[in-house]
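Below you'll find the structure, written out as structure tokens, and then a few comments.
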Amino acid sequence: MHAPIKTRFAPSPTGLIHLGNARTALFNALLALRHGGVFLLRIEDTDRERSRDEYIHALIEDMRWLGLDWQEGEAAGGAQAPYRQSERGTLYEHYYEQLARAGRVYPCFCSEQELKLSRKAQLNAGQPPRYSGKCSHLSSDEVAAKVAAGLRPTLRFRVPKGEEIVFTDGVRGAQRFRSDDIGDFIIRRADGTPAFFFTNAVDDALMEVSHVVRGEDHLTNTPRQILLLQALGLPVPSYAHISMITGSDGSPLSKRHGSLGIGELREAGFLPGAVVNHLARLGHYFGHDDYKELAGLAAEFETARLAKSPAAHDDGRLLYWQKAALLKASFEELWEWVGAEVRDRVPAEDAQSFIAALRDNLVMRADALRWAGRLYDEQLELEQENIEIVQAAGGDFFRHALEALTLHGPRFKELADEVKQRSGVKGKALFMPLRVALTGEQHGPEMGRVLPLIGMERARRRLEVWVNTR
Ligand code: GLU
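My numbering numbers the first residue of the sequence shown as 1 and each following residue consecutively.
Here is the structure:
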């Protein structure tokens, strides 16, 4: 029997969530779901200046909208509450003291300025910048004197010398780091707030997180966090570092590549299933492009299928998934999705047929609105090119069409057959002027579904416009 799997999403609420962190959340949710485990949401708000409650609310809303349910953590509760790091101060105190007792930490009084200069000097000497260890040799008297003088130290973790930190990354395989390449690092800031390295690792252990899936920008943090956990005698989770998302041009994903906030995508009318299916393919190999619900994605999710190379986000792919999601959505979902403006425009008794007719032709909400206009507007605006198409068909053609409409009602097949018999026109020359005169467009949903929605009276008026064409 394996220990139960627990994964987590641990955002810092310093901004809105975007495709990158939503994907991290999704992969963790899928991994837990796949193994019947627990998915946890922890709020890493130790940076009091940049963290905002509104971002916490927004990220909860975004995650709920995406359907990423968590069973423990913020707004869900659990045995390890509280789940906001800003409320876990006393817990962290306990572990700082444990490290102090073991002589694994020391106060550091180096100023920003000093540290900057030392970094610069090391870089100039072609060395990787790391803390020189200057304050590690201070005697307790020296420390006491500095404190008495009003200096406020940071707390540094004493990295052991000559060790090798080895772990197996779920994506990248065997990893080896030399402790001698890692400088003593800060685990508590001068203002007393705990640093990321520390809270993140301690909380993973206390909250019994078994698997950490996170961005590869954290890969070099991992050996530091393993050292910390070992020093505290706390369990070390399994890590998997996923590659970054880039734009289709290969550069790191940024605003420039379009709207990337989850909230923005929702506002723009993307369906959550579209975003989820799109994200699931960014860096995880499924081997097919079938639309899946979360459970379906989870069933095929494996860390071994996570890619080492960067994943390219492409708007075209997101639109592909949007179409796929629209095809899967229920009538109720789509009727909700089209928005109030469309619902006001389309008579209630037509709602079902409107959605059934349009389903294949929708990508964004604007398409629904445009088609509501095409079907229910009294006046159809035609583009010049389309005016030429109906004019080329001529007045006689539309007189036949009007007679056919009177005879058969708004049934397109019968109407077209009738016009064909009477005018001798067939194929595109028959269908195109009828479609254009009736809908104002050369392409669109099946006329057989659309004409009943336009209805007898509007269809008649739309055909009559053209009977005097020569
Ligand atoms: N709060 C960190 C971040 O948002 C979490 C990193 C992690 O997943 O370990 O980058």
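We put the beta carbon where it would ideally sit given N, CA and C, even for glycine.
Any non-hydrogen atom of the ligand GLU within 8 Å of residue i CB
i, result
"N21", "yes"
"P11", "yes"
"F196", "yes"
"T193", "no"
"E264", "no"
"H218", "yes"
"T24", "yes"
"E44", "yes"
"N386", "no"
"V202", "no"
"R224", "no"
"G215", "yes"
"V171", "no"
"V346", "no"
"V212", "yes"
Min CB distance residue i to chain B below 9 Å
i, result
"R214", "No chain B appears in this structure, which consists of one protein chain only."
DSSP state of residue i mapped onto helix, strand, coil
i, result
"C108", "strand"
"M1", "The predicted model places M1 with a pLDDT of 49, which falls under 50 and marks its position as unreliable; any figure quoted below should be read in that light. It is coil, neither helix nor strand."
"H288", "coil"
"H35", "coil"
"F397", "helix"
"V143", "helix"
"I56", "helix"
"V166", "strand"
"L380", "coil"
"K413", "helix"
"I187", "strand"
"G89", "helix"
"F194", "Strictly speaking, residue 194 in this sequence is Pro, with Phe absent from that position. Strand."
"E44", "coil"
"G173", "strand"
"G296", "helix"
"E446", "coil"
"A311", "strand"
"G373", "helix"
"E74", "coil"
"K428", "helix"
Contact belief for residue i with residue j at Cβ below 8 Å, rounded distance in angstroms
i, j, result
"A312", "G247", "7 Å"
"E93", "Y83", "Not really, about 18 Å apart at Cβ, beyond 8 Å."
"G263", "L40", "That pair is no contact at about 23 Å."
"A76", "W70", "6 Å"
Inset, instruction - For the stretch 2-16 and the stretch 47-63, state whether three or more C-beta atom pairs, one from each stretch, are separated by less than 8 Å. - result: yes
Inset, instruction - Kindly confirm or deny that the stretch 163-174 and the stretch 122-141 touch, where touching means at least three C-beta pairs closer than 8 Å. - result: no
Legend entry - beta strand (DSSP E) segments (min. 3 residues) lying fully within the stretch 204-280: 211-215 and 238-242
Inset, instruction - Please determine if the stretch 417-437 and the stretch 385-405 are in contact, where contact requires at least 3 C-beta pairs separated by less than 8 Å. - result: yes
Legend entry - Three-pair Cβ contact test at 8 Å for the stretch 279-286 versus the stretch 300-309: yes
Legend entry - At least 3 beta-carbon pairs within less than 8 Å: the stretch 238-255 vs the stretch 192-200: no
Legend entry - Validate contact between the stretch 380-388 and the stretch 435-451 using beta carbons, cut 8 Å, 3 pairs: yes
Legend entry - Cβ pair count under 8 Å reaching 3, the stretch 326-343 against the stretch 365-380: yes
Legend entry - Given 8 Å, three or more beta-carbon pairs between the stretch 354-361 and the stretch 323-338: yes
Inset, instruction - Kindly confirm or deny that the stretch 169-176 and the stretch 225-232 touch, where touching means at least three C-beta pairs closer than 8 Å. - result: no
Legend entry - Given 8 Å, three or more beta-carbon pairs between the stretch 172-182 and the stretch 147-155: no
Legend entry - the stretch 135-149 / the stretch 210-222 touching (three or more Cβ pairs under 8 Å): no
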